[in-house]
Structure formats: C-alpha cells, structure tokens
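A short worksheet on the structure shown next.
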Amino acid sequence: MFKKVFSNNKNVKDLTPKIKQYLSDYRSKVFPQGVLNSVNEFSMANKNGVYWLEFETPFPCQGELEQIGQALSVEFDIDLEMSIGLNIKPVRTHSIKGIKNIIAIASGKGGVGKSTTAVNLAYALIAEGARVGILDADIYGPSIPTMLNLHNQRPTSADGKLMQPLQSNGLTAMSIGFLVSDSEATVWRGPMASSAFSQMLNETAWPDLDYLIIDMPPGTGDIQLTLAQKVPVAAATVVTTPQDIALADAVKGINMFDKVQVPVLGVVENMSFHQCENCGHHSHLFGQGGAEHISNQFKVELLGQLPLNITIREDGDNGNSCVNVNSSGELAMLYRKIARNMASTLYYQLDANSPYTPQITVKEE
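Given below as structure tokens:
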C-alpha cells in the first residue's frame, strides 16, 4: 500500500476523473499512449479511507505500476492500493498446450551473455507478475542446469509420454542438460540436435505459461534457422555487447529472423559499461553506442543496457539470479525494466488488441 501520513477522506466521484486524467497523461516506454489506453476493467473505490484502483493489464508491468501508485499517493495525498490483474493473450496461433507466447533470446555469436540474460529476464518477468518457463535450446552447450542450480536432476513422466519439467524459484525449466551429459550433447549432428529440441518442446507437460523463454544456441547457422522455422516463436530478442565484432554478428541475427519472418522485439546490450565500485565512474570497455546504432538502423527497440558486473557472473555460476538474491537492487531493477519493455513491445507490435493495430472498417455502398 502507498501511504501518505496525512490523508483526507476525499470523495471518490470527485477524485476518479482526476486520477484517470493523470493515468491518461502518463507517458513512458511501457505506456507510450498512457496507462488507460492499454488497461481493461478500470474501477476505483474507497474502502475505509483507503483508495483502491483495480484494472487488468495485457502484459506484466508490476514494477512500473508500483512507481505510478507511489506517485498518485503523493500527488493526491491519499492512501492507495492497487489490485492489478493480468490478461495476457497469445499473439500467434500454435498447438503447444499451456503456452501463450514463445520468445527466443538469441545472439549472433557466443560469449555475449545470452544465457545469463535469458535466465535473468525470465525471473524478471516472474517478478513483474507473469508465469514463465525457459527452454534450453543451446544443445551443444546447455548452461541452464547450472544457472538454475538443477545439477544432476532428471525430469520424470507421469504417463510415459510427457516429461515433467523441473522448477527453480517459480521458473519452469527444460534442458537437454537434464537428459544427457554435456559430453554426449556436444557431439550431436545438426538433425539429431534439432530433433531433440523439438521433442523437448512438444513432449514436455508445460503448465499454463504466459511466456516461454527459449535460450537459443549462438550463431546464425543451419540449426538456428531450423529451430526458428520449426518453433512457433512469437518474437525474438537479440543480445549483444558494444564490441564491433559482436554487433556485426547481432546484425546477422536480426537478418536471420527477418528471413524466417520472426519479428525482432529489440536488442539488449550486455556488458555495456563497467561501473567503478569506489567512484561510480562508467568505463565503456567494449565500446559505446553500438546497440543504439543498430537499433536505429534496423528500426528495432533498444530494450536496455546491462553493466559488466561480477555479481551477475557469480550468481549465474552459483545457480542464483540477482533478480531473486537482491530483488530491490539496481541490477534486479534493470532486468525488470528490460523485461517490461520486452513484454510491452510484444503486445504493442503484435497483439490484435493493441492500440497500434489498424482498425479496418468496411463501408457498405
């Protein structure tokens, strides 16, 4: 609850249009046309001196709504609570039971922190209110078991047909690393790897998920194209570093998805800068402004920039996530902001209910 020390028992009928106007005028990357332009079932009530706002959003954005709630509390000098429902809809029709939207996290090359970013964005979406799963498509180097602290665990099957996915801190997971040893996975040929991935996707008993994050293998070769074509991916996010060679490969990744007609939601620039622990100075060790340049060039969103930070690496190696370990910390907030940007971009660009979707009317002569 967002409280003011001195709150007045103001009339709901008088206050409601003012709050609606505030929400309509609010602008951000997540709400480019205001909050009310995207929400449903808006209502307001006064319950024992506490003002309740209730509405539904079409994408997870709990963190930003909390900030808006705090601002409303200060602006109108009231005690305020918000009851937010989620009404996420699939943007692409497919036959995989339980999953609404599949988002691929990809990179043109290895070593840019794609898997770490995928795991932390999955946890960030959970923190923002969504139900999330992750599928490790990095057949040749599965790292999800390590990052989720699920070493040596194996999925079970209740009916002998579908595998039960594993759970880690609310995140549903499946990986080839749960099924075979690393040494076996690395010697597979392309068709065998593609077949294994297809089985993991289609023969897993996924619970109801708003988003399934797919940690794609690095690169833009045959296996990446095959996976992008076989899987009903709603959209993709490309991870890069500011380094020129990584940016060149990120461009190849964007072009690959364009060829298989998978929309690219945007670019995440990882290891964007290093912040000095003593003075706070930002050092751009791998270059500066690269992701912004290719975002402008290819008309895709720059979803966010992440620092080169030892905590991210240590948490990943230890099977933790900074989003969970320090949920109110700066790193967690960065990942949550990127997750909101990613989810809202998916809605605005591809959902049939988006305010940006053209309305077609047929006039009768």
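As numbered in our numbering, the sequence shown has no gaps in its residue numbers, which increase by one up to the final residue, 377.
Positions of the beta carbon are idealized from the N, C-alpha and C atoms, including for glycine.
For clarity, every value in this text was computed on a predicted model and none was experimentally measured.
_Secondary structure of H305, DSSP reduced to three states_ = helix
*asked:* Which residues does DSSP list as the beta-bridge partners of Y223?
replied: N113, V144
_Would you call the region 102-112 in contact with the region 312-332, where contact means no fewer than 3 C-beta pairs closer than 8 Å?_
Output reads no: the region 312-332 does not touch the region 102-112.
*Any chance the region 256-268 sits against the region 145-155, with 3 or more Cβ pairs inside 8 Å?*
no
_Which residues DSSP lists as bridging N52, in chain order_ = Per DSSP, E68.
*Across which residues does DSSP place A118 in a beta bridge pair?*
V250
*asked:* Can you give me the C-alpha to C-alpha distance between S366 and S193, rounded to a whole angstrom?
replied: 44 Å
_So for Q12, helix, strand or coil by DSSP?_
Past the edges of the chain, shown from 13 to 377, lies residue 12, and the structure says nothing about it.
*Could you please give the first and the last residue of the uninterrupted alpha helix (DSSP H) stretch that includes S356?*
342-362
*Classification of M204 by the beta-carbon crowding that lies within 10 angstroms, buried from 16 upward*: Exposed: under 16 other Cβ atoms inside 10 Å.
*Cut-off 6 Å between Cβ atoms - residues of its own chain near K41, not counting five sequence neighbours on either side*: N353
*What does a CB cutoff of less than 8 Å around E140 pick up in its chain, not counting 5 residues either side in sequence?*
Around E140: P72, C73, Q74, G75, R348, A351, R352, A355.
*Could you tell me which residues DSSP pairs with H294 in its beta bridges?*
Q287
_Only counting the same chain, and skipping five residues up and downstream in sequence, which positions put a Cβ closer than 7 Å to that of I114?_
Within the same chain, I114 has close Cβ partners L224, I226, V243, P244, V245, A246.
_Can you tell me which residues form a DSSP beta bridge with Q317?_
Answer is E281, bridged to Q317.
*Where does A139 sit, in a helix, a strand or coil, going by DSSP?*
helix
_Beta-carbon spacing of E66, S95 below 8 Å_ = Contact flag set, yes.
_Taking DSSP's pairing of strands, which residues face D89 in a bridge?_
None, per the DSSP bridge assignment.
*asked:* Distance check for S284 and S295, CA to CA, integer angstroms please.
replied: The C-alpha of S295 lies about 9 Å from the C-alpha of S284.
*Same chain, Cβ closer than 8 Å to I31, neighbours up to 5 away in sequence not counted*: Its chain contains M56, L65, L84, F88 as the residues whose beta carbon lies nearer than 8 Å to that of I31, once the 5 sequence neighbours on both sides are disregarded; these appear in chain order.
*Can you grab the Cα-Cα spacing for the pair D81 / E289, in whole Å?*
Looking at the sequence itself, residue 81 is Gly, so the reference to Asp does not match. Each residue's alpha carbon lies about 32 Å from the other.
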